[in-house]
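Residues in the sequence shown are numbered consecutively from 1, following the UniProt record's numbering. Heads up, the beta-carbon is just placed ideally off N, CA and C, and yes, glycines get one too. Structure, as structure tokens:
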Amino acid sequence: MSKAPSLQLDSATLADEYDRLGTRQFNHGLQLLDALDLREGERVLDIGCGTGRLTESAAQRVGARGEVLGIDPLPLRVERALQRAQGRFAARVGRAENLAEIADAHFDVVYLNSVIHWIPDQQEALREAWRVLKPGGRIGFTTMPADVPHDLHRVLHALIAGDPASQHAEIGAPNKLTRESTATLLASVGFEPTLNEIREFDDAFDNVDDVLSFSRASSFGNFLSSLPDPHVARLRERLAAALELHRGPRGLQLTRRMIFTAARKPLAH
Ligand SMILES: C[S@@+](CC[C@H](N)C(=O)[O-])C[C@H]1O[C@@H](n2cnc3c(N)ncnc32)[C@H](O)[C@@H]1O
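Okay, here's the thing in structure tokens:
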């Protein structure tokens, strides 16, 4: 069953931390923009734009004749996106499931980078994306695969499996997809698939606190939020020990896997 993350746990600190540590999402996001082949003069919608780092790259790619809008439900992240934009792209508070302020068939490209696994009603979000896309328009997203977890999530799952008090803690995102369910979801809205593959990213962290800060900032405060502080402190100690097995020349080395998917709205619509 789909679950809604809390949108009330974000803070100025988490938003700033995301801006510092979210280079990981930015780097795989650049690959998503490559796959979507943005062209000069195109109109692009970045759903779940966060602090706008990738939105800025999209704006550079489409140039001054193009148009880029970022939307995100978290006001503090939109504030930072607007500071970054300096008028080169627009950003406003909004949710994927309700794009009512956007006219039908306005955009050439819609993308969601590391966002769809947070959305409770993914089909409604994709229906809205379909509506605002021109016929022949492209959609793309990246998301964490439910069946091929990140190294960090494997380690955390193993640590909390034997601890009844921690078992229901949020450690990833509530609405993960597989390559198969991604294909089914896109087809259910009418999109024609052009890409559906898993890519790996080798991250490196200085220490366990960097890992925890990255996870908290990326989840806008949802990561482990249901656990009382003493539980989190205990889990932190156990995680620090477990992550030593992942220490390599670049620090704590952890692989992330991401589904990369892209599709087209058929021309006949
Ligand atoms: C991991 S961040 C990714 C931010 C950005 N796309 C990037 O690549 O850096 C996930 C973002 O999804 C946003 N989000 C969560 N629920 C959403 C929803 N229902 N509609 C749109 N965005 C949502 C969050 O506010 C957050 O900024």
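Query, Result
"contact_flag[the region 108-118, the region 140-152] where n(CB pairs < 8 Å) is 3 or more", "yes"
"Three-state secondary structure (DSSP) of Ala105", "coil"
"Arg257 Cβ short of 7 Å to ligand 2 heavy atom set", "Absent from the structure shown: ligand 2. Ligands present: ligand 1."
"Entirely enclosed beta strand (DSSP E) segments - the region 99-169, minimum 3 residues", "107-113, 133-143"
"Given 8 Å, three or more beta-carbon pairs between the region 54-73 and the region 33-40", "yes"
"Residue from Lys3, Ser2, Ala4, Arg20 whose Cα sits closest to the Cα of Ala217", "Arg20"
"Option nearest Ala100 by Cα separation, candidates Arg127, Ile198, Ala81", "Arg127"
"Cβ contact check for the region 104-111 and the region 128-138: 3 or more pairs under 8 Å", "yes"
"Candidates Thr23, Leu14, His28, of which the one nearest Phe260 by Cα", "His28"
"Pair within 8 Å by beta-carbon distance, Asp151 and Leu254", "yes"
"Bridge-paired residues (DSSP) for Asp46", "Gly70, Tyr111"
"Range covered by the beta strand (DSSP E) that runs through Glu197", "192-205"
"Whole-Å CB distance - Leu7 paired with Leu69, under 8 Å assumed", "Contact flag wrong, Cβ pair sits at about 20 Å."
"Among Asn98, Arg65, Gly66, the one whose alpha carbon lies nearest that of Asp72", "Asn98"
"Inter-stretch contact (C-beta, 8 Å, three-pair minimum) for the region 213-232 and the region 169-176", "yes"
"Contact belief for Ala263 with Pro193 at Cβ below 8 Å, rounded distance in angstroms", "5 Å"
"Close Cβ partners of Val155 (< 6 Å) along its chain, the five nearest in sequence each way excluded", "Ala242"
"Rounded separation between Ala90 and Ser215 - CA only", "27 Å"
"Own chain residues within Cβ distance below 7 Å of Leu159, not counting five before or after", "Leu235, Arg238, Leu239, Ala242"
"Residue environment, Asn207, which counts as buried when at least 16 other CB atoms sit within 10 Å", "exposed"
"Own chain, CB closer than 6 Å to Ser2, minus 5 neighbours either side, in chain order", "Pro120, Asn175"
"DSSP bridge partner residues for Ala268 (one or two, in chain order)", "The partner list for Ala268 (beta bridge, DSSP) is empty, contrary to what the question assumes."
"Closer than 7 Å: Pro73 CB and nearest ligand 1 heavy atom", "yes"
"Alpha-carbon to alpha-carbon, Ser188 and Leu9", "33 Å"
"Inter-residue CB distance, Arg24 and Asp203 (contact presumed, cutoff 8 Å)", "6 Å"
"8 Å Cβ cutoff met for Gly66 and Arg43", "yes"
"Leu254, DSSP secondary structure in three states", "strand"
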